[in-house]
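Presented below is the structure to which this report refers.
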Amino acid sequence: MTQPLKDILVLDFSTLLPGPMATLMLSEAGAEVIKFERPGTGEDARLTAPKIDGESIGFAVLNHGKRSVAIDLKSKDAMDVLRPLLEKADVLVEQFRPGVMDRLGLGYDTVREINPGLIYCSITGYGQTGPKAAVAGHDLNYVGDAGILSLSRGPDDDPTMPFGLIADIGGGTYPAVVNILLALIARQASGRGTHLDIAMSEGAFAFAYWAHAEGVISGQETRNASGRLTGGLARYRLYTAADGRQIAVGALEEKFWQAFCDVIGQPQDLRDDWSDPIACAAEVARRLGDQPSTHWEPLLAAADCCCSVVKTPDEAAADPHFTARGVFERQLNISGRKVPALPLPIVPAFRSPAGSAGRAAALGEDNARYGAPGPETE
5 MTQPLKDILV LDFSTLLPGP MATLMLSEAG AEVIKFERPG TGEDARLTAP
55 KIDGESIGFA VLNHGKRSVA IDLKSKDAMD VLRPLLEKAD VLVEQFRPGV
105 MDRLGLGYDT VREINPGLIY CSITGYGQTG PKAAVAGHDL NYVGDAGILS
155 LSRGPDDDPT MPFGLIADIG GGTYPAVVNI LLALIARQAS GRGTHLDIAM
205 SEGAFAFAYW AHAEGVISGQ ETRNASGRLT GGLARYRLYT AADGRQIAVG
255 ALEEKFWQAF CDVIGQPQDL RDDWSDPIAC AAEVARRLGD QPSTHWEPLL
305 AAADCCCSVV KTPDEAAADP HFTARGVFER QLNISGRKVP ALPLPIVPAF
355 RSPAGSAGRA AALGEDNARY GAPGPETE
């Protein structure tokens, strides 16, 4: 099958995570992505550990398959290199604070005069407008401002650190990709491009949809362990087995809950976790804590009750189920070593062949291809 983004040209001015992951997804679907970096060191992600023979693993995971052009965007000659690419590009992705691209002569109003059909995607923490548009921040700030951190509290009732970069990926990367694809479809009818204003803090709100429904709309108090999906019920929470491994109990439906209770021997008078969730959960915790996870895992699997032992990332990568589906089949070349590429939510039919993940280009490797001075002369 022909890749859906074949012949689409993407100019990538983004750094670190949200933009690079978005352009990686576009690249995996067939787009040609040109990544622009500052001369000398390139973007900061190239410097991050861990590394293989001096090459950053994190950078390679997000930037393989892209072309690299090292260019000083403040140089008086920068537009000589960029203008021919801007004229034919389909998508531009940038991640600077509002106003920076304007000062570089690359703002949307300027660029659309060069190419009216260009889809210009700006990813920022708080958007292009509003009182906080120019405020600096990172993922932790964005999920804090979106109210998500207050919903994730530990035993001491203090907010806990998120397991991953929710706003960067869920509020930045995914909305950027979705809206770029929507804009490409809209352009087929209108012939015009558009400016996509992606605010990571706003994109994070969807992850707390239940808090929106129960708190913002209905006026109820919302916090961790208060709702049925956040630990408020014994049937949907984490427990610790005797060997210290966690067991994810997700037995929401009554038939699954009763099957789970039968496996662990939960007394009938402590199965109504709607009426007395605290006592019910305490008994479940006591029973699961009496045996190691190796005891419970086969029993819970046989009962088919939506309960499972929590895996480490290494265990997940070796899971026979994911192996059978080829999730980690794609190989990435980092300094000559083959390693699993990052699984992306693109169906195999639309992605590049599994053996073509390739490598991350060296800084400025493609300067000559696009008429840019060699990185050593910058």
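If you read the sequence shown in this note's numbering, its first letter stands for residue 5, the second for the next number, and so on.
Don't be surprised by glycine CBs; every beta carbon is placed ideally from N, CA and C.
Hey, out of the options, whose CA is closest to residue i's CA?
i, options, result
"T316", "F167, V139, D161 and A328", "F167"
"L346", "A26, D11 and P8", "A26"
"G34", "A372, P352 and L237", "P352"
"Y374", "A93, D266, S60 and G62", "A93"
"G368", "V14, A74 and H216", "A74"
"A358", "A364, R50 and L336", "L336"
"A376", "S79, E258 and A49", "S79"
"P344", "L155, A289 and A321", "A321"
"L256", "R239, Q262 and G330", "R239"
"G362", "V253, P163, G69 and L89", "G69"
Does the Cβ of residue i have 16 or more other Cβ atoms within 10 Å, making it buried, or fewer, making it exposed?
i, result
"Q272", "exposed"
"G23", "buried"
"G103", "exposed"
"Y213", "exposed"
"D277", "buried"
"M105", "buried"
"E32", "buried"
"S194", "exposed"
"R50", "buried"
"G129", "buried"
"T164", "exposed"
"L21", "buried"
"A4", "Nothing about residue 4 can be read from this structure; the chain reaches only from 5 to 382."
Do you know how far the Cα of residue j is from the Cα of residue i?
i, j, result
"D294", "G269", "12 Å"
"E287", "P281", "10 Å"
"I251", "V313", "4 Å"
"L30", "L122", "15 Å"
"D76", "F40", "9 Å"
"A140", "G174", "19 Å"
"G223", "E333", "47 Å"
"A285", "I189", "50 Å"
"D370", "V147", "37 Å"
"V97", "S18", "6 Å"
"E319", "E301", "14 Å"
"K136", "D172", "17 Å"
"E382", "G46", "The predicted position of E382 is uncertain, since its pLDDT is 44 and thus under 50; a value taken from the coordinates is nonetheless stated next. The alpha-carbon atoms of E382 and G46 are separated by roughly 12 Å."
"T52", "D81", "30 Å"
In chain order, what residues of the same chain lie with their CB nearer than 6 Å to the CB of residue i, ignoring the 5 residues before and after it?
i, result
"L144", "none"
"L108", "L77"
"R341", "I56"
"L200", "C125 and N183"
"C309", "A255, F260, A263 and F264"
Counting only the same chain and skipping the five closest in sequence on each side, list residues whose C-beta sits under 7 Å from that of residue i.
i, result
"I152", "I170, A208, F211 and A212"
"I350", "M29, E32 and A33"
"D11", "none"
Give every residue of the same chain whose Cβ lies closer than 8 Å to the Cβ of residue i, excluding the five residues on either side of it in the sequence, and list them in chain order.
i, result
"T298", "D247"
"Q7", "A33, G34, F354, R355 and S356"
"M83", "G109"
"A366", "S72"
Answer yes if the segment 164-179 comes into contact with the segment 110-122, meaning at least three C-beta pairs across the two stretches below 8 Å, and no otherwise. no
Any contact between the segment 198-207 and the segment 233-246? By contact I mean 3 or more CB pairs, one from each, below 8 Å. no
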